[in-house]
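Asker: Position 1 of the sequence shown, counted from 1, bears residue number 830 in my numbering, the numbering being contiguous throughout.
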Amino acid sequence: HGSVYGIIGAKRDALKPVGEWNVEEIYAKGNHIRVTVNGVVIVDGDLKEATKNGTADGQKHPGLFNKSGHIGFLGHGSPLKFRNIRVKELK
């Protein structure tokens, strides 16, 4: 949960038990990505630095360095629910 798939893996064990709400913050400014879940930083890295010798999964990731795009909320086949979503512009 929270990984930049194929680029930067997330630390584990920050999620609450099934049935409880988690709190997640995603900070993305330039190439820096930080993901905090329930107060625990699970990803904190620079995309350029993480890919300087190729991607972790050896795959191409078109759009990885795009400056704009869409936000997607994705799962792996299980039902998901979201609440209190806020998007803030960084200054």
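Just so you know, even glycine gets a beta-carbon here, dropped at the ideal spot from N, CA and C.
Identify every residue that forms a DSSP beta bridge with ILE862.
Answerer: According to DSSP, ILE862 bridges with ALA857 and GLY874.
Asker: Apart from the five residues on each side of it in sequence, which residues of its chain come closer than 6 Å, Cβ to Cβ, to ASN895?
Answerer: Correct list: empty, nothing qualifies.
Asker: What number of angstroms, rounded off, separates the C-alpha of SER832 from the C-alpha of LYS920?
Answerer: In a straight line, the C-alpha of SER832 is about 24 Å away from that of LYS920.
Asker: Would you check if there are 3 or more beta carbon pairs closer than 8 Å linking the region 834-847 to the region 877-896?
Answerer: Segments in contact, yes.
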